[in-house]
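Novice:
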Amino acid sequence: MPTLSWLTRDEDLKTAGRAPYRLLTEDPSLGYGDPDTGNMLIQGDNLEALKALLPFYAGRVKCIYIDPPYNTRSAFEHYDDNLEHSRWLAMMWPRLELLRELLSEDGSIWVSIDDNEGHYLKVIMDEVFGRANFVANVVWQKSYTANQTAKHLSDTHDHLLVYGRAADRLSMGSLSRTEDQKASFKNPDGDPRGPWKAENLSAGKFYSDGQFEIEGPNGDRFLPPTNRYWRCNRATYDRWLADGRITFGLKGTGRPMLKKYLEEMEDALTATTWWPHQEVGSNKVASTNLKALFPGMEVFGTPKPEQLLERVASLATNPGDLVLDSFLGSGTTAAVAQKMGRRYIGIEVGDHAVTHCAPRLQKVIDGEQGGISKSVGWTGGGGFRFYRLGEAVFGDDGALTSGIAFSTLAAHVWFAEIGHAPDRAPDGPLLGVREGRAVALLYNGVLGDKRPAGGNVLTRSTLAIIREALNRAAPGFDGRLTVYGERSALSPATLAAERIDFKQTPYDVKARR
Ligand SMILES: C[S@@+](CC[C@H](N)C(=O)[O-])C[C@H]1O[C@@H](n2cnc3c(N)ncnc32)[C@H](O)[C@@H]1O
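Using the working numbering, read the sequence shown as starting at 32 and increasing by one per residue.
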């Protein structure tokens, strides 16, 4: 497959693997509302923040929306948007790789971009996500007036590149009919079935029974136009006519048409790739909304409208699904996710994580009424926790940092062994069972026994506890069991007979690359 080449490509392809796994440390003074929603706001470089999330969320995110700096050669109030072209590609590549790992099998990623880097982005996304997983290039009408100072053509649209983690597993949602679309159904003849639209009774597809003559109310006779066929046979036509479903126009002198009633049509429309500003807002709508939220403040310069994110979330997620935005900006994605009953993780490197994102989400939780609030019936609720990047889980020499909590090490061990985030936080030494393999961790006195030769050592009694949990989780399990512990007191023969692979903490705990 053809690929894009740039100066530092070979090195950049290793960046994600080399990034350290860091801990996330909570700042409770910046969190707000219900702390147990699982919603996270993280301040930090998204390369390391995404890596920190991997052991806990790999394969768990249903929808990723990102709006990275477009490389427009501008210096915005809150961030610089001027990287040398190769540096921009070097910045995006590893982040896209990590984002892909976080997506669920049926998940999708939506990336806002413009013509500065959009076509290069398409090529690298084809490589990272697989060309077969490309879904669409949505065109969003970001403004509706021409910029008279544009050098050549005034740019009024952005792209949204959409990929599925596995496009064949992706089920795209649909859209409800808008009020404008509903208003195009009328009821000029007072039909008791309500508003209707006249549809062509003929079609171009050959239909041998669709070539009969129809007589109108004034005696006019109609055949289907040349190379077209009625969409029904004579019997169906007679039934429709008797049922009042055929119209010859209000005066009864036109060609026969079929009445399509609004109340009988499905309210689930397939979305198109053209998103006009009347449906999903414009840049101006986004800025106006933000100014109303933070009166008198220096507002964030490049927000997206909530309506745009509402469209993405309605197509890509269901209530309760997890949404991730790793270039959070002013917090639009998180605000929309909160209002639409989705869970969210937002990452932002700038100070505006504190000055804009957290206060915006606080207002949302208090029932703020801008953006999409009225259309989704938002009245407030929910909450989030605020995090920053903490120390690395593994040192430069690959050694496990001392004092790591059981739950953190458990996630890393499971992720290193299985390559997915755990289904649930473990409530004992058994971390889980997957695809015929079980993994257990004896660490930090998980069994309540912190003596040197106590609960962190694999003995007959600690093994019995693991086996008991395994029996409950997977009755009849006869696969291999990997146990991490400080030491094994079992003989090699017993380990072999029990089909156990013993690994020693901390030395055998390796970061997954
Ligand atoms: C175009 S803005 C996003 C705007 C956002 N969609 C909104 O509606 O407000 C891009 C954001 O990405 C942030 N950013 C850039 N590089 C980053 C990085 N390495 N890690 C985290 N955030 C980053 C910038 O600070 C900026 O706030």
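The beta carbon of each residue, even a glycine, is placed where N, CA and C say it ideally should be.
In this text the structure is predicted, and so the values were computed from the model without any measurement.
Taking 6 Å as the cut-off, does the CB of T386 come closer than this to any heavy atom belonging to ligand 1?
Specialist: T386 Cβ: outside cutoff for every heavy atom of ligand 1.
Novice: Among the residues of its own chain, which have a CB less than 7 Å from the CB of S404, if the five just before and after it don't count?
Specialist: Same-chain partners within the cutoff: K370.
Novice: Measure the Cβ-Cβ separation of L61 and F417 and say whether it is below 7 Å.
Specialist: Result yes, Cβ atoms of L61 and F417 sit closer than 7 Å.
Novice: Compare the beta carbon distance of L127 and V169 with 7 Å and say whether it is the shorter of the two.
Specialist: Not in contact: L127 and V169 (Cβ atoms no closer than 7 Å).
Novice: Can you tell me whether D145 sits near ligand 1, meaning its C-beta is under 6 Å from at least one heavy atom of the ligand?
Specialist: No - ligand 1 has no heavy atom lying nearer than 6 Å to the Cβ of D145.
Novice: Provide the residue span of the beta strand (DSSP E) that contains Q172, from first to last.
Specialist: Start and end: F165 to Q172.
Novice: State the beta-bridge partners of Q535 as determined by DSSP.
Specialist: G516, per the DSSP bridge assignment.
Novice: List the residues that DSSP assigns as beta-bridge partners of L472.
Specialist: Answer is Y515.
Novice: So what does DSSP say about L217, is it helix, strand or coil?
Specialist: First, the residue type needs correcting, since residue 217 is Lys and not Leu in the sequence shown. Residue state, collapsed to three classes: strand.
Novice: With DSSP as the reference, identify every bridge partner of T410, one or two as the case may be.
Specialist: BP columns for T410 are empty, so no partner.
Novice: Could you pull the DSSP bridge partners for T176 from this structure?
Specialist: According to DSSP, T176 bridges with nothing at all.
Novice: Looking only at C-alpha atoms, which of L289, W409 and T284 sits nearest to L272?
Specialist: Here the closest residue by C-alpha is L289.
Novice: Run the CB neighbour count on E297, radius 10 Å, all protein chains shown included, and call it buried at 16 or more, exposed below.
Specialist: So E297 ends up on the exposed side.
Novice: For the 8 Å Cβ check, are there 3 or more pairs between the stretch 461–468 and the stretch 71–86?
Specialist: Too few Cβ pairs lie closer than 8 Å, so no.
Novice: Could you give the DSSP three-state label for T284: helix, strand or coil?
Specialist: Three-state result, T284: coil.
Novice: To the nearest angstrom, how far is it from the Cα of H150 to the Cα of K217?
Specialist: Straight-line Cα distance between these residues: approximately 44 Å.
Novice: Check whether the stretch 338–358 touches the stretch 91–111, taking contact to mean three or more Cβ pairs, one atom from each stretch, closer than 8 Å.
Specialist: Touching, per the Cβ criterion.
Novice: If you measure between the beta carbons of L129 and A198, is that distance less than 7 Å?
Specialist: Going by C-beta atoms, L129 is not nearer than 7 Å to A198.
Novice: To the nearest angstrom, how far is it from the Cα of L501 to the Cα of L72?
Specialist: Roughly 35 Å separates the two Cα atoms.
Novice: Quick check on W445: buried or exposed, where buried means 16 or more other Cβ atoms within 10 Å of its Cβ?
Specialist: Buried: at least 16 other Cβ atoms inside 10 Å.
Novice: What is the DSSP secondary structure of R259, counted as helix, strand or coil?
Specialist: Coil, per DSSP.
Novice: Which residue comes first and which comes last in the alpha helix (DSSP H) that contains K394?
Specialist: Element bounds for K394: A389 to I396.
Novice: Tell me, to the nearest whole angstrom, how far the beta carbon of P287 is from that of L232; I am working on the premise that it is less than 8 Å.
Specialist: Indeed, because the Cβ distance is near 5 Å, the residues count as touching under 8 Å.
Novice: In the DSSP output, which residue or residues are listed as bridge partners for V488?
Specialist: R518, per the DSSP bridge assignment.
Novice: Which partner residues of T56 appear in the DSSP bridge assignment?
Specialist: In the DSSP output, where bridge partners are listed per residue, T56 has R419.
Novice: Indicate whether A299 and S215 have their beta-carbon atoms separated by less than 7 Å.
Specialist: Not in contact: A299 and S215 (Cβ atoms no closer than 7 Å).
Novice: According to the neighbour-count rule (16 or more other Cβ atoms, all chains shown, within 10 Å of its Cβ), is G535 buried or exposed?
Specialist: Looking at the sequence itself, residue 535 is Gln, so the reference to Gly does not match. Answer is exposed; the Cβ neighbour count stays below 16.
Novice: W119 lies in the alpha helix (DSSP H); which residues open and close that run?
Specialist: Segment H116 to L133, the alpha helix (DSSP H) holding W119.
Novice: Assuming F415 and Y63 make a contact with CB atoms under 8 Å, what is their CB distance in whole Å?
Specialist: With 8 Å as the limit, F415 and Y63 qualify as a contact, their Cβ atoms being about 6 Å apart.
Novice: From the DSSP output, read off the bridge partner residues of R374.
Specialist: Answer is L353, bridged to R374.
Novice: Between the alpha carbons of S318 and M328, how many angstroms are there, rounded?
Specialist: Distance between the alpha carbons of S318 and M328 is about 12 Å.
Novice: In whole angstroms, give me the CA-to-CA distance for G510 and R196.
Specialist: Rounded to the nearest angstrom, the two C-alpha atoms are 30 Å apart.
Novice: Looking at C-beta atoms only, is the number of pairs between the stretch 181–197 and the stretch 133–150 that lie closer than 8 Å three or more?
Specialist: In short, these stretches touch, since the Cβ pair count reaches three.
Novice: Let me check one thing: in DSSP terms, what residues is G479 bridge-paired to?
Specialist: Beta-bridge pairing links G479 to no other residue.
Novice: Candidates G161, P59 and V330: which alpha carbon is nearest Y110's?
Specialist: Here the closest residue by C-alpha is V330.
Novice: Determine the direct distance from the alpha carbon of G516 to that of S522, and round the result to whole angstroms.
Specialist: Using only the alpha carbons, I get a separation of about 15 Å.
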